[in-house]
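Counting from 751, one number per residue, gives the positions in the first sequence under the working numbering.
Ideal Cβ positions, reconstructed from N, Cα and C, are used throughout, including at glycine.
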Amino acid sequence: MPELPEVEVVRAGLEPAVTGALVVGVDVHDARALTRHPGSSAEFEASLTGRRIVGAARRGKFLWLPLATSTPHGDPADAVVAHLGMSGQLLLRAPAAAPERHERVRMIVDHPVHGELGVVFSDQRTFGSLALDPLVPTVDAAPGGWGTPAPSVPAQVAHIARDPLDEAFDERRFRTRLGRKDSAIKRVLLDQTVASGIGNIYADEALWAARIHPETSARLLSTRAANRLLAELRGVLLKALAEGGTSFDALYVNVNGESGYFSRYLHSYGRTGEPCDRCGTPIKRIAFGNRSSHFCPRCQRKPSHAST
DNA sequence: GGAATAACCTGGATGC
DNA sequence: TGCATCCAGGTTATTC
């Protein structure tokens, strides 16, 4: 499932291939891939064709390709926004390559160095989407995210917080938000308006590393515990990024269709019944809303005030 | 206003 | 073998 490291691997793969490229063709095979786009498939195809991509940027799990304006040297005013959902992939293919099994959209771009390339959006579970979206100024005037110096983000990304690896991430705001949340810390970590880019896998891993029970009330975490959690979040995300992300199956791959290797370093997620790497106690799985949390019942003691 | 829950969706795994 | 059911989970609308 693509979380911050997986999306960053995709962004970094796309950047050299699409920066400076002209969109010469767009083919929407499945309109469900445009659920975030306000217009029709035909309008999306027509609006994007003929535009020049000037970069590849990311905040949290959202990535976007800023588009050049018609004004010479003018700042981009809009972008193609992509969210991979649970199973979305952005793949680089030859323009005439056979369709992927779950291909939803194919863009053909003409790059001044690489020539024509196919940028394929493939998505098995159709939770992912593409959209054309206006860029709006960031509230803190800092760059919108990784891969862009411009202080702007797509409008539909503006509401989410920066991710913990962002240089402009506001640690004080993060701690303040935790202190005001009367909810389980696991649930709060998945709230993209508190800190973005974290999903079920890395939330479980960071909580294991910080020895915090997933049902601990966020507002009752001490400043020291909140700082430790933030440090572990960053550590887990950076390690996963270095390993190319986490792949359990063919659902997450980079732009070349290759898997990441972080799954071999997981300590809690998906390891139900296996011994904890610290103390040997079997990892436990508990239901959490419509998903699950994995933790060590010995290292991550459930506090008496634990939220449910 | 904040918190919790349901719904969206597909395919692999499991049970009968 | 074939069918039914469960499960995975990011985001958002709805409900409490």
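Top-ranked residue by Cα proximity to residue 1051, from 984, 960 and 899: 960
Quick test of your reading: residue 910 and residue 946, contact by CB under 8 Å. State the CB separation rounded to the nearest angstrom. Between residue 910 and residue 946, the beta carbon gap of about 5 Å places them in contact (Cβ cut-off 8 Å).
CA nearest to the CA of residue 913, picked from 988, 1044, 1049 and 797: 988
Reducing DSSP to helix, strand and coil, say where residue 1078 ends up. The first residue shown for the chain is 751 and the last is 1058, placing residue 1078 beyond what the model contains.
Once the 5 residues before and after residue 944 are set aside, which same chain residues still bring their CB inside 8 Å of it? Sequence-distant partners of residue 944 (beyond 5 residues in either direction) whose C-beta falls short of 8 Å from its own C-beta, in its chain, are 911, 924, 927, 928, 931 and 938.
Contact between the segment 779 to 787 and the segment 961 to 981 (3+ Cβ pairs under 8 Å): no
Which residue marks the beginning of the alpha helix (DSSP H) containing residue 975, and which one marks its end? Looking at the DSSP string, the run of the alpha helix (DSSP H) that includes residue 975 is 973 to 992.
Quick one, are the C-beta atoms of residue 757 and residue 813 less than 8 Å apart? yes
Are the segment 797 to 814 and the segment 766 to 781 in contact at 8 Å, needing three or more beta carbon pairs? yes
Across the segment 830 to 837 and the segment 874 to 891, are there enough close Cβ pairs to call them in contact, namely three or more that are closer than 8 Å? At 8 Å Cβ cutoff, the stretches touch.
For residue 782, which three-state DSSP category applies? Residue 782 falls in the helix class under three-state DSSP.
Can you give me the C-alpha to C-alpha distance between residue 806 and residue 764, rounded to a whole angstrom? Approximately 7 Å, taken between the alpha carbons.
Kindly indicate which residue of 1044, 922, 760 and 1027 has the alpha-carbon position closest to the one of residue 815. The shortest C-alpha to C-alpha distance from residue 815 to any of 1044, 922, 760 and 1027 is the one to 760.
With a Cβ-Cβ cutoff of 8 Å, do residue 869 and residue 888 count as a contact? no
Please say whether residue 808 and residue 949 have beta carbons closer to each other than 8 Å? no
Residues that residue 1034 bridges to, as DSSP identifies them: 1045
First through last residue of the beta strand (DSSP E) which encompasses residue 866: 865 to 873
For residue 1058, the three-state DSSP class (helix, strand or coil): Because residue 1058 carries a pLDDT of 45, less than 50, the predicted location of this residue cannot be relied on, and the following value inherits that uncertainty. In the structure shown, residue 1058 sits in coil (DSSP, three-state: anything other than H, G, I, E or B).
In angstroms, rounded to a whole number, what distance separates the CA positions of residue 920 and residue 872? 34 Å
Residue range of the alpha helix (DSSP H) that includes residue 755: 754 to 768
Going by DSSP, name the residue or residues bridged to residue 896. 808
CB-CB under 6 Å to residue 957, same chain, minus the five flanking residues each way: which ones, in chain order? 964
Quick check on the DSSP output: the alpha helix (DSSP H) that includes residue 856 runs from which residue to which? Where residue 856 is concerned, there is no enclosing alpha helix (DSSP H), although the beta strand (DSSP E) it sits in stretches over 853 to 861.
According to DSSP, what are the bridge partners of residue 838? 873
Residues in its own chain within less than 8 Å of residue 940 by CB, not counting five upstream and five downstream? 948, 949, 950 and 953
In terms of alpha-carbon separation, which member of 856, 782 and 936 lies closest to residue 795? 856
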